[in-house]
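A.B. asks: Handing you a structure now.
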Amino acid sequence: MNMKFPFTTSFGTQQRKELLLVEAVDEDGLCGWGESVAMLIPWYNEETVKTNWNMLEDYMIPKLIQDSIEHPDDVSAKLSFIRKNHMAKAAIEGAIWDLYAKKQQVPLARALGGSRDNIEVGVSIGIHKDVKALIQTIQDHLEQGYKRVKLKVMPGRDVEVIREVRRHFPDVPLMVDANSAYRLEDTDHLKQLDEFNLMMIEQPLASDDIIDHAKLQAQLQTPICLDESIHSVDDARKAIDLGSCGIINIKIGRVGGLTEAKKIHDLCAERQIPVWCGGMLEAGVGRAHNVAITTLSNFLLPGDTAASSRYWDEDIIEPEVTVSDGFIAVPDAPGIGYEVNREKVDRYTLSSKVYRRP
Ligand code: OSB
Ligand code: MG
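So the sequence shown is residues 1 to 358, counted in full-length UniProt numbering.
And the structure:
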C-alpha cells in the first residue's frame, strides 16, 4: 500500500509500505489478525518484511503448529529459542491474541486488562524541507482535533525549526523525535531545546544505547523518552535504574508482542514512568492492536496512533480508525473490534501462503 504522502525521519523517507499480515485460524474457523511493522529497509531496526517472512516460515510457524496453544502469553515463551526478530514474533502473537479474544468473546482491550473506552492520541509529523509548509501541516492537524504534536528532528533541522514552531503555537503540547540522529557530543546543542517547554525528546542517541542517554538526561531538563533502545522489560528496568529516560514509548512490534508490551507497561506503572503507544505507520490491523494496548492504565500520554485517513486513502479494516477531538473510541466488538476487508486485502496481496497443522 502507498501512503498518501512521503514520511521523512532522520533515517530516511518512505511512502511505499509492504505489510506482512498474519491470520491465525482455529479448529472452529474463527480467525485473528496480526500485522508486522517491519519496513522494506532495515532503518529503524534490523528487521525487514522479508526477514520476517523467513523467520515466520522457517522457525516460528513450524514451532507454533506443533501443539495447541492455551493462552497467547504462551507464544513468546514458545518462541524464546529464537533471538530477537521481535516484529515477526509480534505479528504472529498479535494474530493469536486477536483470535483468543474472539474465542472469549471480549474486546482485545479487555483481554489485555485495559479499561478505557476512549484513548487520547497525537500526531507524528515528518521532517519538512520548508518551515512554512511545516507550520501549515501542524495547523491542519490541530484543526482535525489532534492536541499533541510530535515533530521529527535531525541535525540542521532542529533548534531553529522548533523556535519558529513555538512562535506560531506557544501553548501546543509539543515533543520531538530524533530517531537516534545525535551523539553524546551534541549535548550542548540539545540543551538548547530545553527553552521550548517540550513534553519530551524521543530517542536522541543511538538505537542500542542506554548509557549515554543517562549521561545526557542528567544534563537536560526535558525528559528523554526511549523508543528504539527498549526491546524488553529487562531493557526498561535497566534504563529506569540508570536514569536514561523519564518516559517510555511502547511499540508492540519493537518489544516482540503484546505480552511483553504489557510487562513493560506494568513495570513502568510500578516505577512511576509514564508510557505511551508509538506508531510505525501501520495499516488497520496494526492500528487496531495499538488502540487496544493503549487502554491500559499507565498509558498516560497521548500516543502516535492517528486516524487511518492520515496515511491511507483506504484502509483494510472496517470501520476505519477515526479520531474525534483528539480521541479514538475503543471498539467493543470481540477481538481487535474492526473487520478486516478481505476483498481489499486480496487486491493488495503480493504473495500469501497457508500453513496447516500436521
Ligand atoms: O520513531 O516513532 C518513530 C514512524 C516510522 C518509524 C519510526 C517512528 C515513526 C513515527 C510515526 O514517528 C508514527 C506513526 O504515525 O505511525
Ligand atoms: Mg520514535
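C-beta atoms are modelled at their ideal positions from N, C-alpha and C, and glycine is treated no differently.
1. Any chance you could list the alpha helix (DSSP H) runs of at least 4 consecutive residues sitting entirely within the segment 2–83, in chain order?
2. Evaluate residue 141 with the Cβ neighbour count: other Cβ atoms within 10 Å of its Cβ, from every protein chain shown; 16 or more gives buried, anything less gives exposed.
3. With DSSP run on the structure shown, which of helix, strand or coil describes residue 120?
4. Considering only DSSP beta bridges, list what residue 157 is partnered with.
5. Taking residue 301 as the reference, which of 327, 284, 313 has the closest Cα?
6. Can you list every residue whose CB sits closer than 7 Å to some heavy atom of ligand 2, going in chain order?
7. Taking all protein chains shown into account, decide if residue 229 is buried (16 or more other Cβ within 10 angstroms of its Cβ) or exposed.
8. Can you tell me where the beta strand (DSSP E) holding residue 226 begins and where it ends?
9. Using a Cβ-based criterion (distance less than 7 Å to any ligand heavy atom), does residue 146 qualify as near ligand 1?
10. I'd like the span of the beta strand (DSSP E) that includes residue 249, first residue to last.
11. Can you have a look at residue 65 and say buried or exposed, based on whether 16 or more other CB atoms are within 10 angstroms of its CB?
12. Per DSSP, what kind of secondary structure is residue 162 in: helix, strand or coil?
13. Using beta-carbon positions only, say whether residue 329 and residue 194 come within less than 8 Å of one another.
14. To which residues does DSSP link residue 107 through a beta bridge?
15. Report yes if the C-beta distance between residue 211 and residue 245 is below 8 Å; otherwise report no.
16. Taking Cβ to Cβ, would you say residue 135 is nearer than 8 Å to residue 168?
17. Give the straight-line distance between the Cα atoms of residue 85 and residue 259, rounded to the nearest whole angstrom.
C.D. replies: Once the coordinates are examined:
1. Correct list: 49–55, 61–64, 73–78.
2. Looking up residue 141 in the sequence shown gives position 141. Burial call: buried.
3. Position 120 of the sequence shown, counting from 1, holds the residue named residue 120. Residue 120 sits in a strand when the DSSP states are folded into three classes.
4. As a position in the sequence shown, residue 157 is number 157, starting the count at 1. According to DSSP, which records beta bridges pairwise, residue 157 is partnered with 154.
5. Sequence index remark: in the sequence shown, residue 301 carries index 301 (1-based). Of 327, 284, 313, the residue nearest in Cα terms is 327.
6. 177, 179, 202, 203, 227, 228, 249, 278
7. Position 229 of the sequence shown, counted from the start, is the residue given in the question as residue 229. Residue 229 should be labelled buried.
8. As a working note, residue 226 is residue 226 in the sequence shown. Element bounds for residue 226: 224–226.
9. Here residue 146 corresponds to residue number 146 of the sequence shown, with the count starting at 1. Outside the cutoff, so no.
10. Position 249 of the sequence shown holds residue 249. Here the beta strand (DSSP E) through residue 249 covers 247–250.
11. In the sequence shown, the residue the question calls residue 65 occupies position 65. With fewer than 16 other Cβ atoms within 10 Å, it is exposed.
12. Here residue 162 refers to the residue found at position 162 of the sequence shown. In this structure, residue 162 counts as helix in the three-state DSSP scheme.
13. Counting from one through the sequence shown, the residue named residue 329 turns up at place 329. Counting from one through the sequence shown, the residue named residue 194 turns up at place 194. The criterion of a C-beta distance shorter than 8 Å is not satisfied by residue 329 and residue 194.
14. For the purposes of this step, residue 107 is taken as residue 107 along the sequence shown, with counting starting at 1. 335.
15. Counting from 1 along the sequence shown, the entry for residue 211 is found at position 211. Counting from 1 along the sequence shown, the entry for residue 245 is found at position 245. No, they are not a contact pair.
16. Here residue 135 corresponds to residue number 135 of the sequence shown, with the count starting at 1. Here residue 168 corresponds to residue number 168 of the sequence shown, with the count starting at 1. Contact: yes.
17. Within the sequence shown, residue 85 is the residue found at index 85, counting from 1. Within the sequence shown, residue 259 is the residue found at index 259, counting from 1. Each residue's Cα considered, the two are about 15 Å apart.
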